[in-house]
Amino acid sequence: FILLILACATLLPSLALGYDVLVLQSRRDPAYEEVLKGFRAGRDVSQRVVVLSDYAEVDVTRIVREEHPRLILAVGDAALKAARPVRQTPILAVMTVAINTSVESQPNLSGISMFSPPERYLATFKAMKARRVGIIHNPARSGWYLQQARQAAQQVGIELVVREVSASRETLTQFSTLAGKIDGLWMLPDSTAVTRETAEAWFRFSQEQSIPLVSFANAYLGLGAAAVVDIDRAELGRQAGVMATRILSGGESSNAVEFPRQQAIKVNNSVLNRLRIDNGPLEKISH
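Note that the sequence shown ends on residue 334 in our numbering; no numbers are left out.
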């Protein structure tokens, strides 16, 4: 009887190896682990985790063909890039700035954006009494978001002063065109405009112009951001879990990208004090 089971497992590998979720994790990172903890909370699904940085090369197409996962959860930009050749199995992507520009060309792809709703940022600028807000971005990366941001800005009486770049080196030049023309600076998760090489220039410009910079990640508070709209990563994982459950239960992948449903507005009081910005209105919208 045992030999029969072993024989079946050998002849029918899909039955032996099939599982619910193939988790592709770009690298070992506490932020990614926090997302995965939220994803697994209260959810009983079988999983295999592959951390891409642990291997020289990972053939995701072969893994899917041989092991038959019902869903791929791609965590991070590298994970999404590795998963994209798969065209039949649903892919759910999180913690990647590439999801919004990728989903249109791939019907089996959906996910959660790294962009928070523009209304959250605009409420922050309004609380700071900023009326002309500068943005530097690459339309190919975040043009879709700017369309929504412009509409939301009009509704609250804020003018967006936008500069476009196609390469990161152009970002430094564009700062000079904004000098004296804005009273707030909005740093988007745009991987062209915001890089390791340009990040310092954002905060230097903010300090030189004595204007508040609002960013998208908690880490930037220590570098001089006046405030950040920070995504709750555990909640992002739970949100992804709800989407995964819908797909695994037989629902079709929506081929759409959701905004993170929970964010927190965090402030740098020393920067606010230096800019003489009242923290009171910000506290009212921070929850």
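For each residue, glycine too, the CB sits at the ideal point set by N, CA and C.
(request) With DSSP as the reference, label I159 as helix, strand or coil. (result) strand
(request) Within 10 angstroms of the Cβ of T359, are there 16 or more other Cβ atoms? Answer buried if so, exposed if not. (result) Outside the modelled stretch of the chain, which goes from 48 to 334, sits residue 359, for which no answer is possible.
(request) Enumerate in chain order the residues of its own chain whose CB-to-CB distance from K173 is below 7 Å, with the five nearest sequence positions on each side excluded. (result) V203 and I205
(message) Taking DSSP's pairing of strands, which residues face L139 in a bridge?
(response) L120 and S157
(message) Let me make sure I understand the geometry here. Which of R293, E330 and N326 has the alpha-carbon closest to that of L139?
(response) R293
(message) Could you check whether P236 and L322 sit closer than 7 Å to each other, using their CB atoms as the reference points?
(response) no
(message) Is it buried or exposed, T239, if we count other Cβ atoms within 10 angstroms and call 16 or more buried?
(response) buried
(request) Let me know if N316 comes out buried or exposed under the rule of 16 or more other beta-carbons within 10 Å of its beta-carbon. (result) exposed
(request) Check whether the Cβ of I182 sits closer than 6 Å to any heavy atom of the ligand HEM, and report yes or no. (result) The ligand HEM is absent from the structure shown, which contains no ligand whatsoever.
(request) Starting from the Cα of A274, find the closest Cα among D124, I110, A177 and E81 and give me that residue. (result) A177
(message) I'd like the list of long-range same chain contacts for E244, defined as Cβ closer than 7 Å, with 5 residues on each side in sequence excluded.
(response) S215
(request) Give the range of the beta strand (DSSP E) segment to which R179 is assigned. (result) R179 to H184
(request) Enumerate in chain order the residues of its own chain whose CB-to-CB distance from Y79 is below 8 Å, with the five nearest sequence positions on each side excluded. (result) Q72, S73, V122, G123 and M142
(message) So for A274, helix, strand or coil by DSSP?
(response) strand
(message) Give me the residue from V318, I312 and L319 with the minimum Cα distance to K331.
(response) I312
(request) Could you name each continuous alpha helix (DSSP H) segment of 4 residues or more that falls completely within the segment 275-320, going from the start of the chain to the end? (result) 280-295
(request) Report yes if the C-beta distance between F162 and A287 is below 7 Å; otherwise report no. (result) no
(request) Evaluate S160 with the Cβ neighbour count: other Cβ atoms within 10 Å of its Cβ, from every protein chain shown; 16 or more gives buried, anything less gives exposed. (result) buried
(message) Which same chain residues end up closer than 8 Å to K228 when comparing Cβ atoms and leaving out the 5 residues on each side of it in sequence?
(response) R179, G181 and V208
(message) Helix, strand or coil for V82? Go by DSSP, reduced to three states.
(response) helix
(request) Under the assumption that V111 contacts V92 (Cβ atoms under 8 Å), give the Cβ distance between them as a whole number of angstroms. (result) So it is not a contact: roughly 16 Å between Cβ atoms.
(request) Evaluate G284 with the Cβ neighbour count: other Cβ atoms within 10 Å of its Cβ, from every protein chain shown; 16 or more gives buried, anything less gives exposed. (result) buried
(message) For A266, count the other beta carbons within 10 Å of its own beta carbon; 16 or more makes it buried, fewer makes it exposed. Which is it?
(response) exposed
(request) Ignore the nearest five residues each way along the sequence and tell me which others in S11's own chain have a CB closer than 7 Å to its CB. (result) With the chain represented from 48 up to 334, any question about residue 11 goes unanswered, as that position is not in the structure.
(message) Given a cut-off of 7 Å on the beta-carbon distance, is the pair Y168 and V261 in contact?
(response) yes
(request) Identify the continuous beta strand (DSSP E) that holds G231 and give its terminal residues. (result) G231 to W233
(message) In the DSSP output, what is V203 paired with across the bridge?
(response) V203 is not bridged to any residue.
(request) From the DSSP output, in three-state form, read off G327 for me. (result) helix
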